[in-house]
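*Asks:*
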Amino acid sequence: MRIDLDLDLLRAFLAVSETGSFTAAAEVVGRTQSAVSQKILRLEDLIGARLFDRTSRSLALTEDGRRLLEPARRLLDLNDETVRLFRAPPVQGTLRLGVADDFIPHQLPGLLARFRRHHPGIHIDLRTGMSCDLVAAMTRGELELAIAQRGASGATGRLLWREPMVWIAAAGWRAEPDRPVPLVALPAPCSYRRIAEAALADQGRSVQVTCTASSLMGIQAAVRGGLGATVLGRSFVAPGLDILGAAEGWPPLPEIEIVLIGEDGAHADLAGPLVGFLTETLATPRLQFVA
């Protein structure tokens, strides 16, 4: 028997799975909560599988729901790409883009690959590095667009990404009491380093920088090797690393905010498609780690 999936139902499914509630999903798709609930029931009936475990207090994907996630995204991506092919004029050119090392490290390659499929005429000349260096490159006219940490060298712009900062150390690592805290850090000026030192100073604790690394991958490697603790976004917690929390006496930390700089510049025709793609894609808690 042939079954044609309804893209409208799939959009509702993704909205619920990515926001974690029918109420929030209703705002995303511009429908009532009841209408979204009905769409999910119709989709479950259509494919013959239950997609969500629902209780009065929680909502979670079932195993079948998790299986449907990636195919649903691919189908909607293909639909949107096809519509743009006929409805939007093609944009061509090279966009010089700077991306801070601490911007969603695991998702960025996939995001750029999806953008390339949607806009094959735009070539991305990508530079990665520390936020302060990218902001300086923007000032020198070496980049058209930059994704950098808010506050780095005065960086301001559209908020794209937010996640908690956390203390990170090798699994099982503990700081020695009554001795300066061994800190692994990027070279100054570095907001992570400044925030870590200030937070410990508020507790009356001193710091000894035991390792200075030139990249966030280097920071992770040094911490994994037991050279000390560091402060990074929560998305940098990898196998072999632990989060150090208040129970172990570590001070609270603020959130990190990543902003988009330069979207209103001279190359707005090239920047526009990327800006729209990123803001639409990153608008969901699935990527924002406030979920």
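Numbers in our numbering are just positions in the sequence shown, counted from 1, shifted up by 836.
The beta carbon of each residue, even a glycine, is placed where N, CA and C say it ideally should be.
Under a three-way DSSP split, which group does A1026 fall into?
*Replies:* To locate residue 1026, count along the sequence shown from 1; it is residue 190. Ala is not the amino acid found at residue 1026; the sequence shown has Cys there. In this structure, C1026 counts as coil in the three-state DSSP scheme.
*Asks:* Short of 8 Å in beta carbon distance, which residues of its chain neighbour L865, apart from the five on each side in sequence? Order them along the chain.
*Replies:* Position 29 of the sequence shown, counting from 1, holds the residue named residue 865. Just to set this straight, residue 865 is Val in the shown sequence, not Leu. Taken in chain order, the residues that qualify are R847, A848, A851, V872.
*Asks:* Rounding to the nearest angstrom, what Cα-Cα distance links A861 and E917 in this structure?
*Replies:* On the sequence shown, residue 861 is found 25 positions in, with the first residue counted as 1. On the sequence shown, residue 917 is found 81 positions in, with the first residue counted as 1. Computed Cα separation, rounded: 23 Å.
*Asks:* Using the Cβ count rule (16 or more neighbours within 10 Å means buried), how would you classify T975?
*Replies:* Translated into positions along the sequence shown, residue 975 becomes position 139. Label assigned to T975: exposed.
*Asks:* With three or more beta-carbon pairs closer than 8 Å as the criterion, would you say the stretch 957-964 touches the stretch 998-1014?
*Replies:* The answer is no - the stretch 998-1014 does not touch the stretch 957-964, with fewer than three Cβ pairs under 8 Å.
*Asks:* What residue range is occupied by the uninterrupted beta strand (DSSP E) comprising P1018?
*Replies:* On the sequence shown, position 182 is the one that residue 1018 refers to. From DSSP, the beta strand (DSSP E) with P1018 extends over 1017-1021.
*Asks:* Just grab the DSSP bridge partners of G1081 for me.
*Replies:* Walking along the sequence shown from the start, residue 1081 turns up at place 245. DSSP output for G1081 lists no bridge partner at all.
*Asks:* Between G901 and L879, is the Cβ-Cβ spacing less than 8 Å?
*Replies:* Start at 1 with the first residue of the sequence shown, and residue 901 comes out as number 65. Start at 1 with the first residue of the sequence shown, and residue 879 comes out as number 43. Against a cut-off of 8 Å, the Cβ pair of L879 and G901 comes out as no contact.
*Asks:* Alpha carbon to alpha carbon, how far is Q1044 from W1086?
*Replies:* Here residue 1044 refers to the residue found at position 208 when the sequence shown is read from its first residue. Here residue 1086 refers to the residue found at position 250 when the sequence shown is read from its first residue. Straight-line Cα distance between these residues: approximately 16 Å.
*Asks:* Would you grab the beta carbon distance between I1094 and F951 for me? Rounded to a whole angstrom, and I think it's under 8 Å.
*Replies:* Sequence index remark: in the sequence shown, residue 1094 carries index 258 (1-based). Sequence index remark: in the sequence shown, residue 951 carries index 115 (1-based). Incorrect: roughly 17 Å between the Cβ atoms, too far for contact.
*Asks:* Quick one: Cα of S894 to Cα of A936, how far?
*Replies:* In the sequence shown, counting from the first residue as 1, residue 894 sits at position 58. In the sequence shown, counting from the first residue as 1, residue 936 sits at position 100. Roughly 35 Å between the two C-alpha positions.
*Asks:* Apart from the five residues on each side of it in sequence, which residues of its chain come closer than 8 Å, Cβ to Cβ, to M1001?
*Replies:* By one-based count along the sequence shown, residue 1001 stands at place 165. So the list reads Y1028, I1031, V1067, L1068, G1069, R1070, L1089, P1090, E1091, I1092, once near-sequence residues are dropped.
*Asks:* Among A885, Q985, G1061, P1075, which one has its Cα closest to the Cα of T1046?
*Replies:* Residue numbering aside, residue 1046 sits at position 210 when the sequence shown is read from its first letter. Nearest of A885, Q985, G1061, P1075 to T1046, Cα basis: G1061.
*Asks:* Just to confirm, is the Cβ distance from I958 to Q928 under 8 Å?
*Replies:* Indexing the sequence shown from 1 puts residue 958 at position 122. Indexing the sequence shown from 1 puts residue 928 at position 92. Yes, the Cβ-Cβ distance between I958 and Q928 is below 8 Å.
*Asks:* Out of G934, L843, P1025, Q869, point me to the one whose CA is closest to L970's CA.
*Replies:* Mapped onto the sequence shown, residue 970 falls at position 134. Out of G934, L843, P1025, Q869, G934 has the C-alpha closest to the C-alpha of L970.
*Asks:* What residue range is occupied by the uninterrupted alpha helix (DSSP H) comprising H959?
*Replies:* For this step, residue 959 is matched to residue 123 along the sequence shown. Counting along the chain, H959 falls outside any alpha helix (DSSP H), though it belongs to the beta strand (DSSP E) covering 958-965.
*Asks:* Which same chain residues end up closer than 6 Å to T859 when comparing Cβ atoms and leaving out the 5 residues on each side of it in sequence?
*Replies:* In the sequence shown, the residue the question calls residue 859 occupies position 23. Q869.
*Asks:* State the Cα-Cα distance for the pair D913 and A949, rounded to the nearest angstrom.
*Replies:* Counting from one through the sequence shown, the residue named residue 913 turns up at place 77. Counting from one through the sequence shown, the residue named residue 949 turns up at place 113. If I take the Cα positions, the gap works out to 12 Å.
*Asks:* Alpha helix (DSSP H) containing L845: first to last residue?
*Replies:* As a working mapping, residue 845 is identified with position 9 in the sequence shown. 843-855 is the extent of the alpha helix (DSSP H) around L845.
*Asks:* Return the chain-ordered list of same chain residues with a C-beta closer than 7 Å to the C-beta of R838, the five sequence neighbours on each side being excluded.
*Replies:* On the sequence shown, position 2 is the one that residue 838 refers to. Same-chain partners within the cutoff: there are none.
*Asks:* Per the DSSP calculation, I983 is bridged to which residue(s)?
*Replies:* On the sequence shown, position 147 is the one that residue 983 refers to. Answer is V935, L1096, bridged to I983.
*Asks:* For G1040 and A1021, what's the separation of their Cα atoms in angstroms?
*Replies:* Taking the first residue of the sequence shown as 1, we reach residue 1040 at position 204. Taking the first residue of the sequence shown as 1, we reach residue 1021 at position 185. Cα to Cα, G1040 sits roughly 20 Å from A1021.
*Asks:* CA-CA distance, M966 and V919?
*Replies:* What you label residue 966 is simply residue 130 of the sequence shown in a count that begins at 1. What you label residue 919 is simply residue 83 of the sequence shown in a count that begins at 1. In a straight line, the C-alpha of M966 is about 37 Å away from that of V919.
*Asks:* Here's the rule: buried if 16 or more other CB atoms are within 10 angstroms of the residue's CB, otherwise exposed. What is T855?
*Replies:* Counted from its first residue, the sequence shown places residue 855 at position 19. Flag for T855 reads buried.
*Asks:* Return the Cβ separation of G1059 and I1004 in integer angstroms, given the expectation that the two are a contact with Cβ distance under 8 Å.
*Replies:* Within the sequence shown, numbered from 1, the residue matching residue 1059 stands at position 223. Within the sequence shown, numbered from 1, the residue matching residue 1004 stands at position 168. At residue 1059 the sequence reads Val, which differs from the Gly that was named. Rounded, the Cβ-Cβ distance is 6 Å, consistent with contact.
*Asks:* CA-CA distance, G987 and G993?
*Replies:* Here residue 987 refers to the residue found at position 151 of the sequence shown. Here residue 993 refers to the residue found at position 157 of the sequence shown. If you take the alpha carbons of G987 and G993, they lie about 10 Å apart.
*Asks:* If you reduce the DSSP assignment to three classes, tell me which class D1014 lands in.
*Replies:* As a first step, residue 1014 is located in the sequence shown; it is residue number 178 there, counting from the start. It is coil, neither helix nor strand.
*Asks:* Please specify which runs of the alpha helix (DSSP H), each continuous and at least 4 residues long, are wholly inside the stretch 843-922, giving them in chain order.
*Replies:* Taking only runs of at least 4 residues, the alpha helix (DSSP H) segments lying wholly in the stretch 843-922 are 843-855, 858-865, 869-883.
*Asks:* Please classify I876 as buried or exposed, where buried requires at least 16 other C-beta atoms within 10 Å of its C-beta.
*Replies:* Residue 876 sits at position 40 when you count from the first residue of the sequence shown. Buried, since its Cβ has 16 or more Cβ neighbours within 10 Å.
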